[in-house]
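Residue numbers (this note's numbering): 8 to 456. Even for Gly, the Cβ is constructed at its ideal location relative to N, Cα and C.
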Amino acid sequence: MSTQPEQPYGVPARPAAPADGGQVPPSIPPSGTGRRAHRPEQRAAFELAPDAGQQQAPAVPSAPAPSSAPVQATGGGIATGNHALGLPGTPSGESYPAPTGSLPSRSELEREAKRSAAADSRESSPEADLERAGELLSRVTKTFSQRVVGQPQLRVALVSTLVAGGHILLESVPGLAKTTAAQTLASAVSGSFHRIQCTPDLMPNDIIGTQVLNYSTGEMTTQLGPVHANIVLLDEINRSSAKTQSAMLEAMQERQTSIGGVVYPLPKPFMVLATQNPIEEEGTYVLPEAQMDRFLMKEVLTYPKPAEEADVLDRISKGTFGKPITTPPISTDDVLWLQGAVERVYVDPVIKQYIVALVNTSRGGGPRPVQGLERHVRVGASPRGGIALMRVAQAIALQAGRTYVTPDDVGLLRHAVLRHRLVLTYDALADDVAPESIIDAIFAAVPTP
């Protein structure tokens with residue numbers, strides 16, 4: 008009996024087929040090469056192809072080659088080329104017996120979206136909503152590109168988080184334009200912006216506010232904290248204590264703060280953009296799982312490409328960054344309208360079943376189990392993870408100019424939506440298992456409608 012040669016993590020050798028002719032369940036490779044995306048020399052191992060003449064396991068497919076072909080919604084499965092937003096599409100596994108049924112064709116989805124709009128008695132048609140949303144999102148994108156060079160994944164993640172009404176956690180080493188991106192996003196939507204530098208001695212009252220005694224009147228007056236803004240940047244959130252981190256839970260989930268027993272609503276729209284250093288650095292605290300789950304997405308930033316760094320230097324030498332932004336900003340009312348437009352994007356029942364299957368697979372269930380999942384994942388995605396997948400998919404569809412969600416929309420930002428919702432075991436941490444590879448194995452195990 009021949010043995011299978013070892014392959015790099017993320018591209019395992021295809022196991023021998025069982026004697027009864029059945030299919031081999033997908034599995035998670037035994038070890039990883041590093042979870043820090045700012046170490047490209049380690050991340051490169053995830054993209055290595057198998058040796059010539061050797062088949063690749065369908066559960067963990069290699070990243071698809073970039074393609075210029077447009078992504079279309081069809082009933083035949085998920086597209087693996089570039090998404091309409093220019094980001095890589097979702098890798099798909101082989102055709103397994105699908106419990107979720109077949110996705111309707113593009114024309115049928117468009118008709119269902121119109122029926123849904125008519126049932127809701129909307130004042131405007133889906134086509135009119137798309138036209139207005141496209142114009143507003145185009146202005147936000149142009150404003151972003153005037154201040155931030157490259158980083159298309161960051162731009163799509165930030166805009167998707169904003170229009171989906173969520174919060175985002177950014178992880179990277181210093182100097183990758185996280186603060187600049189937050190300030191630019193705030194200016195693009197005419198929103199108020201506050202930056203909170205998290206330190207070990209930062210107290211909850213420094214964030215949410217406090218009551219101060221007015222010595223002239225003898226009365227207590229309330230001073231609202233910097234969290235009362237449209238966009239709040241929590242810089243280096245994992246340098247603050249757990250007590251201070253937990254103070255943000257009410258603000259992020261309930262959109263309100265409690266000071267002296269009085270509830271103060273936060274402005275609308277409200278978005279928290281938190282940054283953190285890699286957990287390997289000194290002076291950092293691990294974020295509580297409850298707070299991590301409140302973030303709609305966690306994006307891990309990488310170093311810019313050499314051409315993008317050269318563009319940054321060129322813009323600095325020409326003084327481009329110092330010039331005022333010429334694109335007119337949208338208003339906060341426009342953002343609230345966009346959030347409503349995202350909620351109105353049609354999600355077919357087949358897509359909802361697909362999302363439920365993905366989330367259940369992360370917990371060890373689903374239509375096809377992933378071998379090794381119980382050894383690497385202690386806690387799978389919560390129901391909030393399924394809600395996040397659907398909301399982000401709706402936001403992606405709106406940005407792509409569609410009134411309905413496709414499977415590729417669900418998988419486009421799958422790593423950002425799920426990487427912080429999987430609680431890994433000690434074995435996974437010791438083996439340096441990347442949550443991104445676990446997520447890819449989950450998506451490959453679930454049949455795409």
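Contact between A188 and L161 holds: CB atoms are separated by about 6 Å, below the 8 Å threshold. The closest CA to that of V155, considering only Y353, R370 and E315, is found on E315. Non-local C-beta neighbours of G141 in its own chain, meaning closer than 7 Å and more than five positions away in sequence, comprise G408, ordered along the chain.
Excluding the 5 residues flanking it on each side, G387 has same chain C-beta neighbours closer than 6 Å at S369 and R370, in chain order. Excluding sequence positions up to five before and after V430, its CB lies within less than 6 Å of the CB of R385 and V386, all in the same chain and listed in chain order. When C-alpha distances from K275 are compared across H235, I175 and D447, the shortest belongs to H235.
Secondary structure note for H201: it is in no alpha helix (DSSP H), and the uninterrupted beta strand (DSSP E) holding it is F200 to Q204. A Cβ-Cβ distance of about 6 Å is found for the pair I362 and M397, placing them in contact under the 8 Å criterion.
Contact between F302 and H174 holds, with the beta-carbon distance rounding to 5 Å and staying under 8 Å.
If one requires a minimum length of 4 residues, the alpha helix (DSSP H) runs lying completely within the segment 174-198 are 185-195, in chain order. In the three-state reduction of the DSSP assignment, K121 falls in the helix class, which pools H, G and I. The DSSP-derived three-state label of Q158 is coil. Collapsing the DSSP output to three states places R113 in a helix. The Cβ atoms of E119 and K305 lie no closer than 8 Å to each other. Between the segment 275-285 and the segment 232-252, the count of Cβ pairs shorter than 8 Å is three or higher; the stretches touch. Counting along the chain, no alpha helix (DSSP H) covers I266; the unbroken beta strand (DSSP E) around it starts and ends at Q263 to I266.
The way I'd put it, the segment 217-235 does touch the segment 262-271; three or more beta-carbon pairs between them come closer than 8 Å. With distances taken between CA atoms, V349 lies nearest to A124 out of P313, T217, A124 and P111. For K305, the pairing in a beta bridge is given by DSSP as L176. Its chain contains S167, V170, A171 and V349 as the residues whose beta carbon lies nearer than 6 Å to that of A402, once the 5 sequence neighbours on both sides are disregarded; these appear in chain order. In this structure, V354 is the residue among V354, K149, V219 and R202 with its C-alpha nearest to the C-alpha of V399. Residue pairing from DSSP places M227 in a beta bridge opposite L220. Collapsing the DSSP output to three states places D242 in a strand. Counting the other CB atoms within 10 Å of its CB gives Q204 a total below 16, which places it among the exposed residues.
In the DSSP annotation of this structure, the continuous segment of the alpha helix (DSSP H) that includes A423 starts and ends at R421 to L425. In terms of Cα proximity to H201, the closest of T191, K325 and T217 is T191.
In the DSSP annotation of this structure, the continuous segment of the alpha helix (DSSP H) that includes A249 starts and ends at A249 to S253. A direct Cα-Cα distance of roughly 7 Å separates A448 from V377. For Y433, the enclosing alpha helix (DSSP H) covers residues Y433 to A437. With a threshold of 16 other beta carbon atoms within 10 Å, G393 meets it and is buried.
Annotated three-state conformation of R385 is strand, per DSSP.
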